[in-house]
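Protein chains in written order, with numbering that gives the first Met the number 0: chain A, 0 to 250; chain B, 0 to 262.
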Amino acid sequence: MAEVVQVRDLHYSYPDGTDALRGVDLNVDEGERVAVLGPNGAGKTTLMLQLNGLLRPSWGNVHVGGVPVDDSHKSENRRRVGLVFQDPDDQLFMPTVRQDVAFGPANAGLRPPELDTVVEDALAQVGMTAVADRPPHHLSLGQRRRVAIATVLASDPDVLVMDEPSSNLDPASRREVAEVLLAMRRTTLLVTHDLPYALQICPRAVILSDGRIVADRPTSELLADKELLAAHRLELPFGFDPTTVSRSALR
Amino acid sequence: MPTTTSSVLTERLYVSRESRIHGLPAHVKILVVLGSVVAIVATPPTAVWAFLLYFVLVRLLLLAAHIPFRTVAPRLLVELPFVVFALLLPVFGTGPRVSVGPVTLSEAGLWAAWGLLAKATLGVMLSVILASTTSTADFVNGLQRLRLPEVLVQMTAAMVRYVNVVVDEWHRMSRAREARGFEARGPRAWPMLGRSLGALFIRAYERGERVHLAMLARGYSGRMPELDSRATVPLATWLAAASVPVCFAVVAVLANMLGGLGG
């Protein structure tokens, strides 16, 4: 299968000298859903911003869809990687939902009527067609998060990268966002420390700790390794046992 | 008809109705209001009859927009500072004076005060009609279609989008302060309020950086894509809309030619 994301020996230091990434290697195949787990400050967000070139490596390189992430492929890098930020209020900056979903493809040069079709499709994929003409602040957090997903789907990215998609959601909204993600057959990187959510959505998980990938296994296996989790400040919620979650529940 | 106003700051002015005026594209409405206001301002205050005609025209526009006058009346309060200024003019004006009861007032000052009041009231009423019949999102589109400088349009759009977010943040902060026994009373509370305001500014600034990152991630390169997909406005619509400022202009021209009562 084709590799969509290739990260090779990626190092990154912030201008103040903090080493955020110290040699990350990560390959993600087409259609795979991979959870990137790690404690706060492990470099998860830094890795996310490297994927579409908002930050540049100090050393090493990143390819997405076979295209190097660098200055000469800026607009292509941005189209191929769909970043969904944690706070939808940061992501949804246009006056109405429809305009916001149109923002990415319009920047790529799409114009009506093709643009309208793309917007409708993206909103339909997250079940938010009904709110198209409303301003984002009228929506609940769960609805805003789904619209935020639509805003990147509209650009038809090779890989969807989501930062903590379950944070602050009530259980119903959490399930609705999960359903949207599970219904898509799209390569997805889920950056989170919500371990049950990672298990539900991603068959494979990696642990990013102290700027390195320290584990890369099937999620159910990884979550069963209590010592590994404890060594990297990851903890399962009280009473949650990944070994008793049935396979049928995960499909 | 009860008028429902939204709890959302940027939509309190919009009155949702079906009317020909609501249906006009925003940029057409902005030009209509601008043209009409210019005509009103160019009218000499002494032509009192012209201003009466203007009020009739504005009343007709309100009827056409299905906006009851009692919705408009409280919104005229924004004019208050001008009213205060207008009331001072006859007291401090120069030239011949007329005595009204125990005080003498400047005649030129009286005319100036009347002119200021009448023009300001008409201008505010027209703006209220524009604001009541145009949603903020449409208004921003209208500015973009009028080729207002890109940066101004983007700043307006960002303000419209984020003013509610920032105001909500401020409400949450004040609730958190009150929950811990803080009461905003008197100057002794000012240092605390100042610090809160500073914290709010920093949060808003940081949000600005995150939003910018989110924009870059979706291919933003300094220009906003034009998103209003509506086709060009048909000539008939333009002509119908133009009839409004033309009416105002005709009255203004006549007023300038004929002059007025005591002028």
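Even for Gly, the Cβ is constructed at its ideal location relative to N, Cα and C.
8 Å contact criterion, which residue i and residue j should meet: CB distance rounded
i: L91/A; j: V146/A; result: 6 Å
i: V158/A; j: V4/A; result: 6 Å
i: A19/A; j: L189/A; result: Not confirmed; about 20 Å, so no contact.
i: R258/A; j: G59/A; result: Not covered by the structure: residue 258/A. The range shown for chain A is 0 to 250.
i: L142/B; j: V150/B; result: About 12 Å; that fails the 8 Å criterion.
i: P198/A; j: T187/A; result: Pro is not the amino acid found at residue 198/A; the sequence shown has Leu there. Not a contact, Cβ separation roughly 14 Å.
i: R32/A; j: P202/A; result: 6 Å
i: T132/B; j: A64/B; result: 5 Å
i: L82/A; j: V205/A; result: No, L82/A and V205/A are not in contact; Cβ-Cβ is about 18 Å, not under 8 Å.
Within chain B, the residues that residue i reaches when beta carbons sit closer than 9 Å
i: F102/A; result: M214, R217, G218, Y219, M223, P224, L226
Residue i (DSSP reduced to helix, strand or coil)
i: M223/B; result: coil
i: M161/A; result: strand
i: G81/A; result: strand
i: Y11/A; result: strand
i: H231/A; result: coil
i: R133/A; result: coil
i: H62/A; result: strand
i: G262/B; result: Per-residue confidence for G262/B stands at a pLDDT of 43, beneath the threshold of 50, marking its modelled position as unreliable; the derived number appears in the next sentence. Coil at G262/B, not helix or strand.
i: R55/A; result: coil
i: N167/A; result: coil
i: T135/B; result: helix
i: T3/B; result: With a pLDDT of 43 at T3/B, under the threshold of 50, the modelled position of that residue is not reliable, and the figure given next carries that caveat. It is coil, neither helix nor strand.
i: N26/A; result: strand
i: V186/B; result: As written in the sequence, residue 186/B is Pro, which differs from the Val given in the question. DSSP places P186/B in helix when its eight states are reduced to three.
i: D215/A; result: strand
i: I206/A; result: strand
i: A63/B; result: helix
i: D88/A; result: helix
i: A153/A; result: coil
i: V33/A; result: strand
i: P73/B; result: helix
Closest by C-alpha distance to residue i, when choosing among the options
i: T93/B; options: P224/B, A178/B, W110/B; result: W110/B
i: E10/B; options: E208/B, S134/B, L238/B, T236/B; result: S134/B
i: T218/A; options: F237/A, P241/A, A230/A, H231/A; result: P241/A
i: A85/B; options: R217/B, K118/B, V40/B, P67/B; result: K118/B
i: P156/A; options: H10/A, V23/A, N51/A; result: N51/A
i: V244/A; options: L227/A, E220/A, E234/A; result: E220/A
i: A25/B; options: W237/B, H211/B, V249/B, V252/B; result: W237/B
i: V139/B; options: M256/B, S242/B, E225/B, V32/B; result: E225/B
i: F68/B; options: E78/B, V57/B, E205/B; result: V57/B
i: A264/B; options: P94/A, G64/A, G37/A, V83/A; result: Residue 264/B is absent from the structure shown; chain B starts at 0 and stops at 262.
i: Y11/A; options: L53/A, G30/A, E2/A, F239/A; result: L53/A
i: P14/A; options: T45/A, E29/A, L36/A; result: T45/A
i: V83/B; options: M124/B, A112/B, P186/B, P233/B; result: A112/B
i: G22/A; options: G30/A, A182/A, L9/A, M183/A; result: L9/A
i: Q124/A; options: A182/A, D115/A, S74/A, G64/A; result: A182/A
i: L122/A; options: H136/A, V63/A, V151/A; result: V151/A
Interface residues of chain B facing residue i [CB-CB closer than 8 Å]
i: A51/A; result: Ala is not the amino acid found at residue 51/A; the sequence shown has Asn there. Result: A216.
i: N106/A; result: R217, G218, Y219, S220, P224
Contacts of residue i in chain A (Cβ-Cβ under 7 Å)
i: V243/B; result: Chain A residues near V243/B: none, gap ~26 Å exceeds 7 Å.
i: R179/B; result: Correct list: empty, because the minimum Cβ distance to chain A is about 23 Å.
i: R206/B; result: D89
Residue i: contacting residues in chain B (beta-carbon distance under 7 Å)
i: T95/A; result: A136
i: F237/A; result: Ordered by position in chain B, no residue passes the 7 Å Cβ test against F237/A, which lies about 28 Å from the chain.
- Which residues, in chain order, does the stretch 80-113 of chain B contribute to contact with chain A at a C-beta distance below 9 Å? Sequence-ordered contacts of the stretch 80-113 of chain B with chain A are nonexistent [C-beta pairs closer than 9 Å].
- Task: Please list the residues of the stretch 148-170 of chain B that have a C-beta atom closer than 9 Å to any C-beta atom in chain A, keeping them in chain order.
- Result: Listed in sequence order: A156, A157, V159, R160, Y161, N163, V164, D167.
- Message: Closer than 7 Å between beta carbons: that is the criterion. Which residues of the stretch 124-139 of chain B meet it against chain A?
- Response: T135, A136, V139
- Item | Against chain A: residues of the stretch 182-209 of chain B by CB proximity under 8 Å | R206, R209
- Task: Check distances from the C-beta atoms of the stretch 137-167 of chain A to those of chain B and list, in chain order, the residues that come in under 8 Å.
- Result: H137, T150, V151, S154
- Task: Return the residues of the stretch 64-84 of chain A that lie within a Cβ-Cβ distance of less than 7 Å from chain B, sorted by chain order.
- Result: Near chain B, meaning a CB-to-CB distance below 7 Å, the residues of the stretch 64-84 of chain A are S74, R77, R78, L82, F84.
- Query: Just by C-beta distance, which residues in the stretch 119-134 of chain A are closer than 9 Å to chain B?
  - Reply: D132, P134
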